[in-house]
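For the record, the sequence lines run as chains W and D.
Going by this note's numbering, the first sequence opens with residue 15, and the numbers climb by one from there.
Going by this note's numbering, the second sequence opens with residue 1205, and the numbers climb by one from there.
Backbone N, C-alpha and C define an ideal beta-carbon position, used for all residues, glycine too.
As the structure is a prediction and not an experimental result, all values here were calculated from the model.
What follows is a short report on a single structure.
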Amino acid sequence: MQWLRSIFNRPEKAYLHPYLAGAILGVILFLAFLLTGNGLGSSGATSRIDALVVDLVAPAHVDNTPYLLKMAGGDKNPLDDWIVPVFFGALLGGFMSGARNGRLKLTTTKGPNISNPLRWLMAFLGGMIFLYGARMARGCTSGQALSGGVTLAAGSWVIMLAIFGGAYALAYFMRKLWL
Amino acid sequence: MSFPLESFTAVSAANPWTYVVFGGIGVAFGYTLESAGFGDSRKLAAQFYFKELTVLKVMFTAIAVAMTLLFGAIGLGLIDFSQVWVNPTYLGSGVLGGLIMGVGFIIGGFCPTTSLASASTGKIDGMLFMLGGFVGAFLFGETERYFDHWYNNAGYYGRLTLDQVFGLSPSTLVLIVVVMALFMFWGAEQLERIFGGKNLSREPMLRKVGAVGLLGLALGVVAIGSPSLEERYQRLSFKRSEVIKQADGKDQTLSHVYSADEMLSKRLVFVSPAEAFKVRYQQEIKPVYLDVRSEADYNLYHLADAINVPLDKLATAIPDMLTEPAANTVFIAISNDENAAIRAWKLLAAFKVPNVYILDGGVNHWIATFGAQDAGLHPSATAVDDQLRYVFYAALGDRYTSCSPSPMEFEELDFQPRIVLQLKRDKSGGGCG
């Protein structure tokens, strides 16, 4: 148990400089394209895990839902896609970085003027809204803005602008959450 | 060796290494995001109040670096761009989905992947964002049926890249994006100074070295340029297998890899008129008879259902040929003999249009095969290469009997099958979608 305790009580280190982190991320993204022809992503895995659950709970419902049929139903395994190992890898990678740099802590990150329960509610709602939009746009900040942006995909640049446009347009009204 | 590696284009249980590679990419991805501070929603939200523009800096450094490396490698011929997933453009669902994502971003304080880095390091808000994400994605699946048509068709442009939109070369665009990113970084630092009270003199000088280095690399990409058509043609390879009966009666499958010129010289891409006719009645293949002759010849006589794209206009049709047709589409290029069709084949092959073949002997061979009883046709004595060797009673187009031979009359035909249907890589599973 000693080692387990030791990963939670490390001294907290500073974050990487943004440009350095960006450059490392760029090299990873390039290597992903080089090896696999695909970029990075994660939101696709969310709907695939959903599809798996629906397939286990109510398989007949999968057969009635066109969107789920693309991923599940018949002999299809919803988890049989490159994005699923990337998703779980990212969870593991985040944990590894947190462990190494002393940032594993059960806590809530929020603006100074709101309560924890409100922040939790907003995080949940935000996640719900974000993923709804991500599935509509066929990709999130990683799969569209980042990966699509690199390949010069026209639609991905439009989506990138729309994401930032939507967030900036609403930022003023949400300032109580963050400032 | 050509990249991306074919064995890693999709995960499969048949090759467990694919899990290792994609899992490893994910680990590196999550590790970097957490190291950049994206496990903390405050750092992400600060972007939208101009206090700290870490999101913009990380994102655009990553885009500029990856783009420079990617298009440099494409220019050097290391990576085949046609095998790289490019998110198809759907303007309607993209714009609305993007705006919705922006709303979720400012309310929830994360994007999907950063919420993973947050949740895995014990942030409760990150975990709840992730959980909300599962609900949101589920709701999308449940509601998509109500706007299915809009979702799949509104502003759909297929595989469209910015260089096509602006009519620039990809490498020029890379340079523009890099310059734009550097300019944005300068602007971001000014904003951080004004709104966030940041002291810029404490920022590392090394970042300026990095900026110059990146600009140099981008100029290098412009100098390399894109591979010429001829280079792309020379790099093509085709796989064919043949089954050989061994002495002991067992079958042995031999696979060969041929260059494009070998495919032509061994006549592996020439389909006989009999095969070209028979594929019309084959369920698994959707033939497109691509008549590359002049419009005048086409009007005189052409195969039923043939479409006329004269050779000099073929290049403009290629983007649609790459994105529009179903994966089991087989193009059969047709000229009077073979000359123009071979040139069409070379062009289409260089652009990586899949499943392109040539009608063996062209229209003249077709008429010789099926037109023996066609009353309106008479052999001509004066034709030279790649001209029609028949005199036509009138320009009836496809209304001569032999344009659509009777499947009953020509039921039994002997031919050496040449078409090996190569299903395009399933790109629908690519990307985040």
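A direct Cα-to-Cα measurement between residue 1318/D and residue 1237/D gives close to 7 Å. Distance from the CA of residue 1285/D to the CA of residue 1617/D, rounded to the nearest whole angstrom, comes to 40 Å.
Here the C-alpha atom of residue 1381/D lies approximately 11 Å from the C-alpha atom of residue 1418/D.
Its Cα nearest to that of residue 1273/D, the residue 1429/D stands out among 1253/D, 1429/D, 1296/D. As a beta-bridge residue in DSSP terms, residue 1444/D pairs with 1460/D.
Taking residue 1257/D as the centre and dropping the five residues before and after it, the same chain places the C-beta of 1251, 1392, 1395, 1396 closer than 7 Å to its C-beta, in chain order. Under the rule that a run must span 4 or more residues, the alpha helix (DSSP H) segments found entirely inside the region 1287-1354 of chain D read 1295-1312, 1316-1323, 1328-1347.
Under the DSSP assignment, residue 1494/D falls in the beta strand (DSSP E) whose first and last residues are 1490-1495. By the neighbour-count criterion, in which a residue is buried when 16 or more other Cβ atoms sit within 10 angstroms of its Cβ, residue 1220/D is exposed. Nearest to residue 1626/D by C-alpha distance, out of 1519/D, 1289/D, 1473/D, is 1473/D. Of the residues 1578/D, 1619/D, 1279/D, 1551/D, the one whose Cα lies closest to the Cα of residue 1610/D is 1578/D. Secondary structure of residue 1362/D (DSSP, three-state): strand. Using a CB distance cut-off of 8 Å, residue 177/W counts as an interface residue toward chain D. Against chain W, the beta carbon of residue 1252/D has neighbours under 7 Å at 181, 182, 185, listed in chain order. Nearest CB-CB separation between residue 1405/D and chain W: not below the 8 Å threshold. Between residue 1512/D and chain W, the shortest Cβ-Cβ separation is not below 8 Å. Using a Cβ-Cβ cut-off of 8 Å, residue 52/W counts as an interface residue toward chain D, since at least one Cβ of chain D sits closer than that to its own.
Counting only Cβ-Cβ distances below 7 Å, residue 46/W has contacts in chain D at 1229, in chain order. Counting along the chain, no beta strand (DSSP E) covers residue 1377/D; the unbroken alpha helix (DSSP H) around it starts and ends at 1374-1399. For residue 1449/D, the pairing in a beta bridge is given by DSSP as 1455/D. Taking the Cβ atoms as the reference, residue 81/W lies roughly 4 Å from residue 1348/D, within the contact range of under 8 Å. With fewer than three CB-CB distances shorter than 8 Å, the region 1397-1414 of chain D does not count as touching the region 1339-1356 of chain D. Taking 8 Å as the threshold, the shortest C-beta distance from residue 1320/D to chain W falls below it. Among the residues of the region 1238-1252 of chain D, those with a Cβ less than 7 Å away from any Cβ of chain W are 1238, 1239, 1240, 1241, 1243, 1244, 1245, 1246, 1249, 1252, in the order of the chain. Neighbours of residue 1342/D in chain W, taken as residues whose beta carbon is under 7 Å from its own, are 64 in chain order. Contact with chain D is found for residue 158/W, since one of that chain's Cβ atoms lies less than 8 Å from the residue's Cβ. Using a Cβ-Cβ cut-off of 7 Å, residue 92/W is close to nothing in chain D; its nearest Cβ partner there is about 11 Å away.
DSSP places residue 1571/D in the uninterrupted alpha helix (DSSP H) bounded by 1566-1574. Per DSSP, reduced to three states, the secondary structure at residue 30/W is coil, with no helix or strand assignment. Residue 1401/D counts as exposed, since fewer than 16 other beta carbons sit within 10 angstroms of its beta carbon. Cβ-Cβ separation between residue 174/W and residue 159/W: approximately 4 Å, consistent with a contact (criterion under 8 Å). Annotation: residue 72/W is outside any beta strand (DSSP E) and is labelled neither H nor E by DSSP. Here residue 60/W is near residue 1341/D, since their CB atoms are less than 8 Å apart. Rounded to whole angstroms, the gap between the alpha carbons of residue 1560/D and residue 39/W is 39 Å.
Chain order gives the chain W residues near residue 1414/D as 33, 37, where near means a beta carbon separation below 8 Å.
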